[in-house]
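Residue numbers (our numbering), protein chains in the order written: chain A, 2 to 216; chain B, 2 to 216.
Protein chains: 2
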Amino acid sequence: MIRLYGFWRSLAAYRVRVALHIKGLTFEEETIDLGADAQLASAFRTVNPQAAIPALIIDGAPPLTQSVAIIEYLDEIHADPPLMPRSSVGRARVRSLALMFAADGHPLITPRVTRYLAQAFGADEASRDLWSRHWLRQSLEQAQIRLAGDAATGAFCHGGALTLADICLASQVLGARGFGVELADLPEVRRISDACFDLNAFRLAHPLTVRDAAR
Amino acid sequence: MIRLYGFWRSLAAYRVRVALHIKGLTFEEETIDLGADAQLASAFRTVNPQAAIPALIIDGAPPLTQSVAIIEYLDEIHADPPLMPRSSVGRARVRSLALMFAADGHPLITPRVTRYLAQAFGADEASRDLWSRHWLRQSLEQAQIRLAGDAATGAFCHGGALTLADICLASQVLGARGFGVELADLPEVRRISDACFDLNAFRLAHPLTVRDAAR
């Protein structure tokens, strides 16, 4: 039995949902309502002391945390279809692209951060949204330059097969769309993320498919 | 020939320096002065279009970027001593701990972010330092709880052998010390980071060993 602790709006939970669907794994999702600070409740802190989602429990084993670590784990134990290239050089490139989103881009716009902006600098909702748009746009601009300038880019971020990098790119594009970030001038970003969104796994993982999603 | 593009004060460059020393690899370090925005110069953007350090070039191959991706690569091609556990469960735990620092904790305090705080919210130096202390402290508090509450913790973050997780923990502690963050009540964090700092590789990688370090 696989249980995902997630939230419909969480881009990191989305990444794990996509990977689970790609691997054809059946799972239950338990909502940790970030809007109501459920991640800070003691019930969830026993699952993840970091008080962050996603967390994934497989057959009662200790919870796995951090979306990229979870996806690498799923890829190691369910090799087909692979989400990482075979060569070490390829894996390094895929991990670097993935972390450009999952480490440098996404954490900056999470609720813990935007809430702290309000608390520390009195940032109102409009300026918090500007903040989020700034970092979403920056990471996707950088992605455009990296992807367009590299012969290793193919139908997807790394050659012709879907990898961890594409999952992270798609999550960032999803966030950018949610904040109305302009993507028209980022053709590689749009081309590759559109190729992802056409896949069934990405459709099945979409935030609005999640039970308890606000509509 | 191995060339690291780094900066003495960069915690991410420090992580790569530590790994290079652990693997016994000789390298040259080229200073990309973040204080003078050298990472934004076109000369460096040809190395890393993301305009971020570290970047690592090995024998003229395409640059490797993102500290965690670089360290995983070094570990794959130079297996001894290993920086990752053998089991997939162990690797998932090590990657999760590493990303708690390298993804959730560290990016928030990088110059691009603190500079934007000044620009967007008029944050002065004192409030930018408070910001950095807040996130450094938060990630180390979370680490304390995770490490203290888990039987998989040993002399180091994961059992008795040094891993990627320890390198990331040590970098965060180094940052916390630089900002005067209180660590007295985080005994696991102090115990394990002290064990790291006792090792020769961490001594050799220390920011103040880097040419061009401000003293």
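A virtual CB, placed ideally from N, CA and C, is assigned to each residue, including glycine. As the structure is a computational prediction, the values presented were derived from the model and not from experiment.
Apply the 10 Å Cβ neighbour rule to residue i and answer buried if 16 or more other Cβ atoms are within range, or exposed otherwise.
i, result
"Gln120(B)", "exposed"
"Ile59(A)", "buried"
"Met85(B)", "buried"
"Thr111(A)", "buried"
"Pro82(B)", "exposed"
"Ala62(B)", "exposed"
"Asn201(A)", "exposed"
"Ala97(B)", "The identity of residue 97(B) in the sequence shown is Ser, whereas the question assumes Ala. It is buried - the Cβ of Ser97(B) has at least 16 other Cβ atoms within 10 Å."
"Pro55(B)", "buried"
"Leu187(B)", "buried"
"Glu183(A)", "exposed"
"Ser88(B)", "exposed"
"Thr27(A)", "exposed"
For the alpha helix (DSSP H) holding residue i, just list the boundary residues, first then last.
i, result
"Ala149(B)", "126-149"
"Thr115(A)", "112-122"
"Arg1(A)", "Since the first and last residues shown for chain A are 2 and 216, residue 1(A) lies out of range."
"His159(B)", "From DSSP, His159(B) is part of no alpha helix (DSSP H); its letter is neither H nor E."
"Ala44(A)", "43-46"
Can you tell me where the beta strand (DSSP E) holding residue i begins and where it ends?
i, result
"Ile3(B)", "3-7"
"Thr154(A)", "Segment: none, Thr154(A) is in no beta strand (DSSP E) and carries neither H nor E."
"Leu57(A)", "56-59"
"Glu29(B)", "29-32"
Give a yes or no on whether 8 Å exceeds the smallest Cβ distance from residue i to chain B.
i, result
"Ile146(A)", "yes"
"Pro208(A)", "no"
"Pro241(A)", "The question about residue 241(A) has no answer, for chain A in this structure spans 2 to 216."
"Pro50(A)", "yes"
"Gln173(A)", "no"
Are the Cβ atoms of residue i and residue j separated by less than 8 Å?
i, j, result
"Thr115(A)", "Arg129(A)", "yes"
"Arg18(A)", "Ala206(A)", "yes"
"Ile3(B)", "Ile72(B)", "no"
"Ala144(B)", "Val211(B)", "no"
"Leu163(A)", "Tyr15(A)", "no"
"Val69(B)", "Ala93(B)", "no"
"Tyr6(A)", "Ile23(A)", "no"
"Phe122(B)", "Phe122(A)", "yes"
"Ala196(A)", "Ala156(A)", "yes"
Consider the Cβ of residue i: report whether some Cβ of chain A lies at a distance smaller than 8 Å.
i, result
"Tyr6(B)", "no"
"Thr115(B)", "no"
"Pro188(B)", "no"
"Gly150(B)", "yes"
"Gln143(B)", "yes"
Query raised in the report: What residues from the stretch 87-108 of chain B come within 9 Å of chain A, judged by C-beta to C-beta, listed N to C?
Result: Ser89, Val90, Arg92, Ala93, Arg94, Val95, Arg96, Ser97, Leu98, Ala99, Leu100, Met101, Ala103, Ala104, Asp105, Gly106, His107, Pro108
Query raised in the report: What residues in the stretch 118-139 of chain A have a beta carbon less than 9 Å from any beta carbon of chain B?
Result: Leu118, Ala121, Phe122, Gly123, Ala124, Ser128, Leu131, Trp132, His135, Trp136, Gln139
**Report entry** Within 9 Å of chain B by C-beta, residues of the stretch 59-70 of chain A in sequence order
**Finding:** Ala62, Pro63, Leu65, Thr66, Gln67, Ser68, Val69, Ala70
Query raised in the report: Which residues, taken in chain order from the stretch 71-83 of chain B, show a beta carbon closer than 8 Å to some beta carbon of chain A?
Result: Hits within the stretch, in order: Ile71, Glu73, Tyr74, Glu77, Ile78.
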